[in-house]
Structures are given as C-alpha cells and as structure tokens.
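In this note's numbering, the protein residues as written are 2 to 186.
Even glycine gets a Cβ: it sits at the ideal position worked out from N, Cα and C.
If you're wondering where the values come from, they're calculated on a predicted model, not measured in any experiment.
First up is the structure itself, then whatever we jot down about it.
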Amino acid sequence: MTNGPPLFLDELTGLWHRAFFLDRLSEAADEAQSKTRALALLLVDLDNLFLINLEKGRHSGDLALMALANTLRRSARTNDIVARLGGDQFAVLLPGTTLGTATQLALAIRSLVGRVHDIHPGFGMIDVCIGVSARPSSGPWRAQDLLDLADLRLTSAKRSRHRPGTPQHVWAGPPDPVDDDSDKR
2 MTNGPPLFLD ELTGLWHRAF FLDRLSEAAD EAQSKTRALA LLLVDLDNLF
52 LINLEKGRHS GDLALMALAN TLRRSARTND IVARLGGDQF AVLLPGTTLG
102 TATQLALAIR SLVGRVHDIH PGFGMIDVCI GVSARPSSGP WRAQDLLDLA
152 DLRLTSAKRS RHRPGTPQHV WAGPPDPVDD DSDKR
C-alpha cells in the first residue's frame, strides 16, 4: 500500500490521486532538468471500461481498475510514483529512467495486465494502451511537455487498435542515446 495521508490517495485503488501526482511530476521535472537526469512517464488507459461496466456491472469495472492498479504498483520501483489520474487513466512517473527502459517496462506491464483475468475471472480479459514519454536530451522543457507527449502517444496507441494489422498498444519514440538510466531495473 502507498504511504501518505489518505487525502492524497484514490479511494478505490489506494494509489496517489491526480493532484498529488502532478505536484510530484513538477518536482521530478525540475530535478531532472537541473541535474540532467533521465525522467520518463507512462500514461496507462484501461481499455473498454465502459463496456465492462455495461456488460458485467460497475462492480466488475471496479475490480478491473483495482487489478490494473495492483499490477502497476507491483511493477514500480520504490522511487516511482504510481497514480490514478481519474476514470480509467493511470500514470507512472519513472525518475532516472530513459525512454528505452520505460518502453520496455510498458511492454512488460501490458503483458502482465493480460494475465489479470486469472485473478478476477468474472470480467474476462482486460487490456491497456500506454503512451510513453521521456525528457528531451537538450533544450528547454516543462513537466507539462512530458505529460502532453505521453498523452499524444496514448491517443496514438488507442487509435492503432482500430487499424487493420497488428495494433500497437504501446507508443513511445526512438530512444535518446544521450541519456543513461541511473537506476537499472
């Protein structure tokens, strides 16, 4: 369970809530920029929550959200920040992590989420789309830039599900060779 005052926690999942996350994102971005450290962000969206709620009931939707929250919590390191931003969207802030490593983590999370149905078979398979971003190696940038890029990539991942061929559920970009991970997974 996440430590901290209950007012900063999402009631359903026990994860940090949006306002707390945005404060930590701003602090982490300032630190990463001043110390030229790697920083990455995952935005995770639970697919078809509306349909789960409609077909199986709101309780099953809550179970799916809690199962995803637990998967994200177990996948995170001690210094990572995992939060529920609202509805079916979650975020994982990864200090000291490059885009390449964050993308590998996103793919691993997606694989784990597909197995969550074993825990709660009542709602069947669940899936996620993930947008991945990392701080640029040079030039000015803000925490909001990191969030906006992850959101743009999350939107691309969602759209790719509806295209013919193999959908791409994790969208990132080319790894930045200038950065090094300060904390290996």
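In angstroms, rounded to a whole number, what distance separates the CA positions of Arg162 and His170? Locating residue 162 in the sequence shown gives position 161, where the first residue counts as 1. Locating residue 170 in the sequence shown gives position 169, where the first residue counts as 1. Arg162 and His170: Cα-Cα distance of roughly 7 angstroms.
Does at least one heavy atom of the ligand PLP sit under 7 angstroms from the Cβ of Leu44? Absence of the ligand PLP from the depicted structure is noted, as is the absence of any ligand whatsoever, leaving it without description.
Across which residues does DSSP place Gln90 in a beta bridge pair? For the purposes of this step, residue 90 is taken as residue 89 along the sequence shown, with counting starting at 1. Note: Gln90 sits in a beta bridge opposite Asp46 and Gly87.
Does the beta-carbon distance from Phe91 to Val133 come in below 8 angstroms? The sequence position of residue 91 within the sequence shown is 90, counting from 1. The sequence position of residue 133 within the sequence shown is 132, counting from 1. Not a contact, by the Cβ cut-off of 8 angstroms.
Check each candidate in Gly101, Gln145, Asn71 and Gly140 and name the one with the smallest Cα separation from Ala30. As a working note, residue 30 is residue 29 in the sequence shown. Out of Gly101, Gln145, Asn71 and Gly140, Gln145 has the C-alpha closest to the C-alpha of Ala30.
Report the three-state DSSP secondary structure of Ala135 (helix, strand or coil). Translated into the one-based positions of the sequence shown, residue 135 becomes position 134. Ala135: strand per DSSP, three-state reduction.
For His60, which of helix, strand or coil comes out of DSSP? As a position in the sequence shown, residue 60 is number 59, starting the count at 1. Three-state DSSP puts His60 in a helix.
Comparing alpha-carbon positions, which option in Asn80, Val93 and Glu56 lies nearest Leu69? To locate residue 69, count along the sequence shown from 1; it is residue 68. Nearest C-alpha to Leu69: Val93.
Residues that DSSP places opposite Trp17 in a beta bridge: The count along the sequence shown starts at 1 and reaches residue 17 at position 16. In the DSSP output, where bridge partners are listed per residue, Trp17 has Leu10 and Ala84.
Please work out which residues of its chain come closer than 7 angstroms, Cβ to Cβ, to Ala65, disregarding the five sequence neighbours upstream and downstream, and give them in chain order. Stepping through the sequence shown from its first residue, residue 65 is reached at position 64. Closer than 7 angstroms at Cβ, skipping near neighbours: Leu47, Leu50, Ile53, Phe124 and Ile127.
Answer yes if the stretch 14 to 34 comes into contact with the stretch 75 to 90, meaning at least three C-beta pairs across the two stretches below 8 angstroms, and no otherwise. yes
Per-residue DSSP class, three states only, for Ala158: Stepping through the sequence shown from its first residue, residue 158 is reached at position 157. In the structure shown, Ala158 sits in a helix (DSSP, three-state: H, G or I).
May I have the straight-line CA-CA distance separating Thr3 from Arg38, to the nearest angstrom? Sequence index remark: in the sequence shown, residue 3 carries index 2 (1-based). Sequence index remark: in the sequence shown, residue 38 carries index 37 (1-based). Confidence at Thr3 is low in this model, with a pLDDT of 49, below 50, so the placement of that residue should be treated as unreliable; the coordinate-derived value is given next. One C-alpha to the other measures close to 25 angstroms.
Rank Thr104, Val114, Leu43 and Ser35 by C-alpha distance to the C-alpha of Ile82 and give the top, closest one. Stepping through the sequence shown from its first residue, residue 82 is reached at position 81. When each option's Cα is compared against that of Ile82, the closest is Leu43.
Between Ser112, Ile110 and Thr102, which has its C-alpha nearest Leu40's C-alpha? As a first step, residue 40 must be located in the sequence shown, where it is residue number 39. Ranking Ser112, Ile110 and Thr102 by Cα distance to Leu40 puts Thr102 first.
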